[in-house]
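Read through the structure below, which is laid out as structure tokens, and then see the notes.
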Amino acid sequence: MSSNFFEQQDVARRNTGVLVLLFLAAVVLIILAVYAIFTLVFVNLSDVETVAGRPAASVARFWDPQLFLWVTLGTVAVIGAGSLYKMAELSSGGEPIALMLGGRKINFQTGDFAERRLLNVVEEMALASGVPVPPVYVLEGESSINAFAAGHRPGDAVIGVSRGALDYLDRDELQGVMAHEFSHILNGDMRINLRLVGVLHGILLLAIVGYYVLRSGGHSSSNRKGGAGAVLLFGLGLIAIGSVGLFFGRLIKSAVSRQREFLADASAVQFTRLPDGIAGALKKIGGLSQGSRIGDVRAGEVGHMFFGDVFGGMSLNWFSTHPPLAERIRRIDPSFDGRFPEVKRQERPASPEPGPKPAQPAPMPGRMIGRTISGAAGGGFGAGMEQILYAAAIIDLLPDPVVQSAHEPYGARAIIYGLLLDRNEQIRQRQLAALQQRAEPLSYKETLRLGARIDQLPADARIPLADMTIPALKELSPEQYGRFAKNIDALVKADDRIDLFEYTLQKMVLWTLDAHFGLRKSARPQYYGLGQLGHHLAVVLGTLAHAGHSQEQQAEAAFQASMQYLDISGAFPPRQACSLQTFDQSLVELAKVSIPIRQKILEACRICVTADQQVTTRERELVRAVAAVLECPTPITIPRA
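Using numbering that gives the first Met the number 0, read the sequence shown as starting at 0 and increasing by one per residue.
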């Protein structure tokens with residue numbers, strides 16, 4: 000394994016930042032060019048004076064601040080309108096993209112060995128990353144090796160895999176590819192690419208406006224003093240500026256995409272600690288005649304989302320969305336000699352996917368890198384092989400009837416209902432009576448059937464089990480979802496109080512599904528710093544500190560460590576000031592910050608809960624609620640033995 004993959008991530012992030020700044024600089028230059036064309040055509044050429052018998056432009060009139068402001072506003076309006084249109088077109092999440100490419104959603108009941116293995120890998124990755132399990136699609140007609148992740152947030156992401164990837168990759172290689180795709184989701188690459196695609200469309204719209212100006216000017220005869228000629232010149236100028244801007248914009252966008260691919264490759268190695276997995280998949284792309292080519296004509300529009308170059312290119316050209324294949328491999332495996340292996344189809348056993356899983360969630364096998372609860376990288380809730388194995392162990396602990404039910408709509412609802420049933424028999428009977436009146440008969444029957452099994456689950460398995468139900472719950476109709484949400488509310492309120500687990504479960508499930516069903520939109524950033532949020536940060540971090548520490552002194556030390564990380568000063572709130580109601584109010588307010596600040600807040604939460612070198616179930620559940628509202632991933636963590 001390349002020992003500097005963390006350094007590779009830092010380099011890729013820095014390069015991306017530089018390229019995005021170049022992109023913004025290109026937009027500024029376009030504005031200046033439009034102003035220059037406008038003043039040259041409509042001001043200087045129409046207001047000339049004679050020098051030595053020849054017309055000369057009035058240079059003094061070239062700079063007009065008021066005119067520059069109006070031209071800037073007009074140019075930004077055109078680019079902005081085109082950008083917003085394109086971004087709105089692609090804003091409905093990953094599922095429309097998967098369907099556009101001819102994807103078929105894989106059913107959990109599939110009898111296909113390769114599909115079953117893929118679902119297992121994706122589920123383990125999702126639970127290890129602390130994100131809702133995404134739906135998985137297979138591109139049946141694509142015999143090449145490729146995959147993609149599409150979506151703007153972890154809650155609306157989908158995974159797509161070509162049939163060739165299922166046919167030719169072994170489990171480690173498939174896991175490496177999935178780690179790469181999850182890295183795109185966790186690193187926010189979909190948001191970056193969406194915005195770049197939007198701005199490119201806005202620049203293209205500038206050229207389109209120039210075309211229509213050219214047409215209207217050519218047919219106009221009412222302009223005086225050669226005004227029609229000026230309009231023609233201005234239209235030609237807009238077309239030229241838009242075309243040149245689009246050319247360089249695509250160059251920069253492709254360069255950004257290549258850097259994000261390097262970042263995802265390095266993150267995948269960090270994710271799995273199995274460099275041979277992703278390197279092996281890349282080598283097989285090089286050895287397969289179809290490579291990574293995708294035949295669907297619409298693939299080019301979203302080619303930057305794929306694991307490999309959809310056009311099958313193995314070397315670099317200016318518009319390549321992916322780095323050269325050999326360079327990607329050498330960054331992971333420096334010993335690569337440039338020779339690609341012969342690729343053969345994987346054998347498909349008729350039995351379910353083999354492979355031993357750890358019998359208990361902790362302690363974990365010695366092959367894992369370290370035993371720190373914060374992940375392999377140090378800093379952040381970065382997932383790693385420790386978390387992946389822990390996720391596999393959690394899944395292995397779940398009874399088969401529970402796992403089966405989690406993947407179909409009636410059973411998924413029953414599992415959420417079952418998780419909310421009170422252990423107090425009197426309250427439980429009141430909940431069941433209300434559920435019998437309100438829920439669908441099949442879901443109620445499943446709730447009764449699974450209730451005892453769910454009661455016997457270890458506390459650490461409850462949140463991962465709820466995450467597993469998300470794909471099935473997304474299949475509900477809007478009417479079914481409305482009834483489901485009301486039933487959850489009724490179950491929570493049955494005892495006239497809400498405990499920590501009920502709050503976490505209700506928040507993480509409904510927050511994700513409300514967005515899916517169009518009942519909630521992600522809050523637009525209102526804060527780009529933490530200066531105005533000291534009180535809300537103190538409430539959230541204080542609640543976490545109290546939840547994980549019975550000793551006041553230890554709780555305050557954890558609180559101060561997390562506040563110090565944020566460079567915010569604040570008094571440690573008393574326990575009575577940290578109710579779930581105040582916690583929720585502050586958390587919703589913190590969701591209005593920008594994405595980088597959200598990630599920083601989540602890191603402060605990690606510092607708070609790991610201050611005493613162990614993570615309790617209460618702390619884990621609270622952090623999961625924070626992650627759900629901030630729409631940032633946080634993997635399950637492993638308490639020290």
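Where a beta carbon is used, it is the ideal one built from N, C-alpha and C, also for glycine.
Whole-angstrom C-beta distance between residue j and residue i, which should lie under 8 Å
i	j	result
alanine 148	glutamate 180	4 Å
isoleucine 462	glutamate 620	6 Å
leucine 420	arginine 427	5 Å
alanine 458	threonine 581	About 25 Å separates the two Cβ atoms, so there is no contact after all.
histidine 321	arginine 422	At roughly 53 Å, the Cβ-Cβ gap does not stay under 8 Å, so histidine 321 and arginine 422 are not in contact.
CA-to-CA distance, residue j to residue i, given in whole angstroms
i	j	result
aspartate 583	threonine 542	10 Å
isoleucine 152	glutamine 65	What sits at residue 152 in the sequence shown is arginine, not isoleucine. Approximately 41 Å, taken between the alpha carbons.
glutamate 260	lysine 506	33 Å
glycine 294	leucine 235	36 Å
valine 268	arginine 496	45 Å
proline 348	alanine 537	55 Å
serine 442	tyrosine 136	26 Å
glutamine 559	isoleucine 606	10 Å
serine 549	glycine 410	38 Å
glycine 250	serine 319	At residue 250 the sequence reads leucine, which differs from the glycine that was named. So the two alpha carbons sit approximately 9 Å from each other.
glycine 379	valine 27	In this prediction, glycine 379 has a pLDDT of 35, which is less than 50 and means its spatial position is unreliable; nothing more can be read from the coordinates.
leucine 475	alanine 392	29 Å
glutamate 630	lysine 343	40 Å
tyrosine 211	leucine 138	40 Å
isoleucine 207	isoleucine 238	7 Å
valine 160	proline 340	21 Å
valine 625	alanine 610	18 Å
phenylalanine 306	leucine 165	14 Å
valine 539	alanine 603	10 Å
leucine 589	histidine 535	7 Å
methionine 124	glycine 286	27 Å
serine 221	leucine 39	Bear in mind that the predicted position of serine 221 carries a pLDDT of just 47, short of 50, making it unreliable; the figure below should be weighed with that in mind. If I take the Cα positions, the gap works out to 21 Å.
leucine 68	isoleucine 191	28 Å
alanine 438	phenylalanine 483	7 Å
arginine 194	leucine 262	18 Å
threonine 503	alanine 178	27 Å
glutamate 424	alanine 546	27 Å
aspartate 454	glycine 299	49 Å
tyrosine 389	histidine 406	20 Å
glycine 417	valine 255	46 Å
aspartate 498	isoleucine 96	39 Å
alanine 570	glutamine 552	13 Å
proline 696	isoleucine 414	Residue 696 is absent from the model: the chain starts at 0 and stops at 640.
aspartate 63	glycine 93	46 Å
arginine 412	proline 524	33 Å
isoleucine 469	glutamine 436	24 Å
leucine 396	glycine 337	43 Å
Cβ shell of residue i (< 8 Å), same chain only, five flanking positions each side left out
i	result
serine 568	Gly533, Met562
glycine 101	Leu138, Glu139, Gly140, Asp295
alanine 25	Gly244, Phe247, Gly248, Ile251
leucine 205	Ile29, Val33, Thr74, Val77, Ile78, Gly81, Leu237, Ile240, Gly241, Gly244
isoleucine 565	Position check: residue 565 holds leucine in this sequence, whereas isoleucine was assumed. Counting only Cβ-Cβ distances below 8 Å, and skipping sequence neighbours, we find Leu529, Leu536, Lys599, Ile600, Ala603.
phenylalanine 335	Ala278, Lys282, Ala325, Ile328, Arg329
alanine 480	In the sequence under discussion, the amino acid at residue 480 is tyrosine, which differs from the alanine named in the question. Result list for tyrosine 480: Leu472, Leu512, Phe516, in chain order.
Proximal residues to residue i (C-beta, below 6 Å), its chain only, five neighbours per side dropped
i	result
methionine 304	Phe147, Ala149
glycine 276	Asp171, Glu172, Gln174, Gly175
glutamate 122	Val132
arginine 292	Ser143, Gly311
alanine 433	Ala489
threonine 71	Ile30
Beta-carbon proximity list for residue i, same chain, < 7 Å, skipping 5 on both sides
i	result
serine 82	Gly197, Val198, His200, Gly201
proline 398	Arg452
leucine 118	Ile105, Phe107, Val135
arginine 597	Leu629, Cys631
* Return the chain-ordered ranges of every alpha helix (DSSP H) run that is complete within the segment 407 to 495 and spans a minimum of 4 residues. => Fully enclosed alpha helix (DSSP H) runs of 4 or longer: 408 to 419, 424 to 437, 440 to 454, 461 to 467, 469 to 472, 477 to 491.
Quiz item: Does the segment 383 to 391 come close enough to the segment 267 to 277 to have 3 or more Cβ pairs within less than 8 Å?
Solution: yes
query: Which ranges does the alpha helix (DSSP H) cover as unbroken runs of at least 4 residues, wholly within the segment 225 to 289, from first to last along the chain?
result: 226 to 271, 274 to 286
Is there contact between the segment 448 to 468 and the segment 397 to 406, where contact requires at least three CB pairs shorter than 8 Å? yes
### Those runs of the alpha helix (DSSP H) which lie wholly inside the segment 108 to 141 and span at least 4 residues
112 to 128
Does the segment 438 to 457 come close enough to the segment 513 to 530 to have 3 or more Cβ pairs within less than 8 Å?
no
For this session: Taking 8 Å as the threshold, find out whether the segment 522 to 531 comes into contact with the segment 490 to 504 through three or more Cβ pairs.
Result: no
Next item on the list: Output the residue ranges of the beta strand (DSSP E) runs that lie fully inside the segment 539 to 618 and measure 3 residues or longer, sorted by chain position.
Entry: Qualifying beta strand (DSSP E) stretches: none in this window.
**Message:** Quick check on the DSSP output: what are the complete alpha helix (DSSP H) runs of length 4 or more inside the segment 324 to 354, in order along the chain?
**Reply:** 324 to 331
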